[in-house]
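Participant: Have a look at this one.
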Amino acid sequence: MEMPKFVQIEPVGQCNLRCQMCSIQFRADGPPHGPLAFIDFELFTRLVDQFVGAEELHLQGLGEPLMYPRFAEMVRYAKARGLRVTTNSNLTILNARRAAELVASRLDCLHVSIDGATAETYERIRVRARLAHVVRNLKLLVEAKQSLASETPHLQMVVVIMRQNLAELPALVRFAHEHGFEAVFVQHLCHDYGEAELPERYLPMRDFVRSQTLLGEDAALVKSSFTEARALAAQLGLELRLPQLQPRAHQPDTPGPERCDWPWRGAYLSYQGLAMPCCMISTPDRLNFGSMAEAGVTAVWSGPAYEEFRQRLSSDDPPEVCRSCSIYSGTF
């Protein structure tokens, strides 16, 4: 099996806030359940070195990457090996020193999660966060880029669109323009958690998705908000990506990579080094192929568990966890 070009590694398995739409709130990793859920730096470097031929590294999982004390060092290590490096952050924790470190690390792109244009909406979705703090931290980052005469990291805003923030989509586009973002990536809720054998602790997530998904929303309402946002982005010269909200049907015998190319194109590892099909799985307790930390990257990537999953995904009877996924259904 050809080695992946894209690698995603989770630096941190815990977060600094509670997000309505994120299953991390049900994840018993890190305090108060146990020790800090941080990847061991030596394990990180050992894993990166084994992904021969990789071109891009994305440092993100279900935890907040900037909680990791040696995050900038991780970026520098990967950049020294010729990798394009990106990350996602809620950007709620930053100061001037760490902003300068982030810019100096030569991080290529920073995706910032902002799901409300007003403090009321944003702070309802991201509990314990403050929109004013995120705005302050964005300014620190922009100032650091200017001080170091750096074009990177490029800034992209990520918005999870749902019923409670749909009306604010045009305002979110304007917010992005005003705060130095180059693009806005709007995504639908990633998973409906519809598996029959879903662990009980994920049931509140299933209920949340069912209450907030746009799949059953008034089509005219969605179209109006999308159309206004698209026109405003064009006017402001801002790149805007909007999701499709009509599920696609896969014809019989559709090749697996055309259904979802993740298990062929990219590897996704938890902070412990457990290999999962993709970041949509959320946590390794739902599904994993074994430990790359223990067995090595090649042994797991080309091993029987991964290959069996690929074959199943290539069939007309894909894994149940894939059938519940918005990437597989085309609505991401």
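Following numbering that gives the first Met the number 0, the numbering of the sequence shown begins with 0 at its first residue and continues without gaps.
C-beta: ideal position from N, C-alpha, C; glycine also.
Go ahead and label residue 138 buried or exposed: buried means 16 or more other beta carbons lie within 10 angstroms of its beta carbon, across all protein chains shown.
Facilitator: Walking along the sequence shown from the start, residue 138 turns up at place 139. It is exposed - the Cβ of residue 138 has fewer than 16 other Cβ atoms within 10 Å.
Participant: Evaluate residue 155 with the Cβ neighbour count: other Cβ atoms within 10 Å of its Cβ, from every protein chain shown; 16 or more gives buried, anything less gives exposed.
Facilitator: Locating residue 155 in the sequence shown gives position 156, where the first residue counts as 1. It is buried - the Cβ of residue 155 has at least 16 other Cβ atoms within 10 Å.
Participant: Taking all protein chains shown into account, decide if residue 94 is buried (16 or more other Cβ within 10 angstroms of its Cβ) or exposed.
Facilitator: Your numbering for residue 94 matches position 95 in the sequence shown. By the 10 Å Cβ count, residue 94 comes out exposed.
Participant: Relative to the C-alpha of residue 71, which candidate in 62, 60, 61 and 84 has its C-alpha closest?
Facilitator: Position 72 of the sequence shown, counted from the first residue, corresponds to residue 71. When each option's Cα is compared against that of residue 71, the closest is 84.
Participant: Relative to the alpha-carbon of residue 96, which residue among 219, 117, 142 and 321 has its alpha-carbon at the smallest distance?
Facilitator: As a working note, residue 96 is residue 97 in the sequence shown. Here the closest residue by C-alpha is 142.
Participant: Just confirm the distance between the C-beta atoms of residue 120 and residue 161, as a whole number of angstroms; I'd bet it's less than 8 Å.
Facilitator: Here residue 120 refers to the residue found at position 121 of the sequence shown. Here residue 161 refers to the residue found at position 162 of the sequence shown. Contact flag wrong, Cβ pair sits at about 10 Å.
Participant: For residue 270 and residue 12, which I take to be in contact (beta-carbon distance under 8 Å), what is that distance rounded to the nearest angstrom?
Facilitator: For the purposes of this step, residue 270 is taken as residue 271 along the sequence shown, with counting starting at 1. For the purposes of this step, residue 12 is taken as residue 13 along the sequence shown, with counting starting at 1. About 4 Å; that satisfies the 8 Å criterion.
Participant: Among the candidates 6, 285, 115 and 98, whose CA atom is the shortest distance from the CA of residue 55?
Facilitator: Taking the first residue of the sequence shown as position 1, residue 55 is located at position 56. Closest option to residue 55, Cα to Cα, is 6.
Participant: Put residue 15 into one of helix, strand or coil per three-state DSSP.
Facilitator: The sequence position of residue 15 within the sequence shown is 16, counting from 1. If DSSP states are grouped into helix, strand and coil, residue 15 belongs with coil.
Participant: Taking only three categories from DSSP, how would you classify residue 148?
Facilitator: Counting from one through the sequence shown, the residue named residue 148 turns up at place 149. Three-state DSSP puts residue 148 in coil, outside helix and strand.
Participant: Return the Cβ separation of residue 329 and residue 251 in integer angstroms, given the expectation that the two are a contact with Cβ distance under 8 Å.
Facilitator: What you label residue 329 is simply residue 330 of the sequence shown in a count that begins at 1. What you label residue 251 is simply residue 252 of the sequence shown in a count that begins at 1. About 17 Å separates the two Cβ atoms, so there is no contact after all.
Participant: Out of curiosity, what's the CA-to-CA distance linking residue 108 and residue 324?
Facilitator: Indexing the sequence shown from 1 puts residue 108 at position 109. Indexing the sequence shown from 1 puts residue 324 at position 325. Straight-line Cα distance between these residues: approximately 25 Å.
Participant: Could you tell me how far apart the beta carbons of residue 126 and residue 202 are, in whole angstroms, since I believe they sit closer than 8 Å?
Facilitator: Within the sequence shown, residue 126 is the residue found at index 127, counting from 1. Within the sequence shown, residue 202 is the residue found at index 203, counting from 1. Actually they do not touch by this definition, with Cβ atoms about 19 Å apart.
Participant: Suppose you measure from the CA of residue 318 to the CA of residue 290; what does that come to, to the nearest Å?
Facilitator: Taking the sequence shown and counting its residues from 1, one reaches residue 318 at position 319. Taking the sequence shown and counting its residues from 1, one reaches residue 290 at position 291. Looking at the two C-alpha atoms, the distance is approximately 20 Å.
Participant: Along the chain, where does the alpha helix (DSSP H) that runs through residue 225 open and close?
Facilitator: As a working mapping, residue 225 is identified with position 226 in the sequence shown. Element bounds for residue 225: 218–235.
Participant: Give every residue of the same chain whose Cβ lies closer than 6 Å to the Cβ of residue 227, excluding the five residues on either side of it in the sequence, and list them in chain order.
Facilitator: Mapped onto the sequence shown, residue 227 falls at position 228. Within the same chain, residue 227 has close Cβ partners 169.
Participant: Extract the residue ranges of the beta strand (DSSP E) inside the region 231–268, only unbroken runs of 3 or more that lie entirely within it.
Facilitator: Fully enclosed beta strand (DSSP E) runs of 3 or longer: 238–240 and 265–268.
Participant: Would you kindly work out how many angstroms separate the C-alpha atoms of residue 193 and residue 135, rounded to a whole number?
Facilitator: Walking along the sequence shown from the start, residue 193 turns up at place 194. Walking along the sequence shown from the start, residue 135 turns up at place 136. Going by the C-alpha atoms only, they are around 39 Å apart.
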